[in-house]
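Report on one structure; see the data block that follows.
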Amino acid sequence: MDDLTTLARHHLDQAKADPHGRSAHLFLHDGPLRQSVIAMVSGCELDEHNAPPAASLQVLHGHVRLTGGGDRMDLIAGQVQEIPHERHGLRALEDSVVLLTAVTATHGCPTPYEDAATT
């Protein structure tokens with residue numbers, strides 16, 4: 061069993077020592093389900109990248125900005141948000157740690173991209 065508080069503290073310390081200002085750790089991998097802790101120092105950004113079929117972001121510590129599809133959402137500790145189904149990015153507005161929960165494959169359930177292709 062992993063302790064999210066301990067993981068968050070550890071990876072925030074590592075992010076502060078990292079030249080890129082971030083640290084991440086995949087701590088749960090069960091088939092298509094993945095959970096990762098991502099720590100970022102203030103000002104650090106994850107450039108826009110593709111979305112998995114389903115994902116959520118929960119802020120464990122700090123304040124982040126989630127961008128995607130021309131929108132932006134500011135999230136603070138304790139808040140959880142569905143990840144946009146299009147390219148998206150993340151910026152730490154202060155030293156922050158997030159919990160990313162992602163489903164990387166869906167069997168028998170089309171992704172938003174597959175739905176769009178069939179309509």
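Our numbering puts the first residue of the sequence shown at 61, with every later residue one more than the last. Don't be surprised by glycine CBs; every beta carbon is placed ideally from N, CA and C. Since the structure is predicted, the reported quantities are computational estimates derived from the model, not experimental observations.
Exercise. Return the CA-CA distance between GLY184 and PRO144, expressed in angstroms with no decimal places.
Key: Limits of the chain in this structure are 61 at one end and 179 at the other, which puts residue 184 out of reach.
Quiz item: Roughly how many angstroms lie between the CA atoms of HIS121 and ARG82, to the nearest whole one?
Solution: HIS121 and ARG82: Cα-Cα distance of roughly 14 Å.
Exercise. Identify every run of the alpha helix (DSSP H) within the region 93–147, keeping only runs that are complete inside it and at least 4 residues long; order them along the chain.
Key: Correct list: empty.
Quiz item: What number of angstroms, rounded off, separates the C-alpha of VAL39 from the C-alpha of PRO112?
Solution: The requested residue 39 does not occur in the structure, where the chain is confined to residues 61 to 179.
Practice problem: Tell me, to the nearest whole angstrom, how far the beta carbon of ALA99 is from that of VAL157; I am working on the premise that it is less than 8 Å. | Solution: The beta-carbon distance between ALA99 and VAL157, rounded to whole angstroms, is 5 Å. This is short enough to meet the 8 Å contact definition.
Exercise. Go ahead and label LEU88 buried or exposed: buried means 16 or more other beta carbons lie within 10 angstroms of its beta carbon, across all protein chains shown.
Key: In this structure LEU88 is exposed. Its beta-carbon is surrounded by fewer than 16 other beta-carbon atoms within 10 angstroms.
Practice problem: Report buried or exposed for ALA165, applying the criterion of at least 16 other Cβ atoms within 10 angstroms of its Cβ. | Solution: By the 16-neighbour rule on beta-carbons within 10 angstroms, ALA165 is exposed.
Practice problem: From the DSSP output, in three-state form, read off ASP90 for me. | Solution: Three-state DSSP puts ASP90 in a strand.
Quiz prompt | Cβ separation of HIS123 and ASP134, assumed to be a contact under 8 Å, to the nearest whole Å | solution = Right, their Cβ atoms sit about 7 Å apart.
Practice problem: Can you give me the Cβ contacts of GLN139 inside the same chain, cut-off strictly under 6 Å, excluding the 5 residues immediately before and after it? | Solution: Excluding the 5 residues flanking it on each side, GLN139 has same chain C-beta neighbours closer than 6 Å at VAL119, in chain order.
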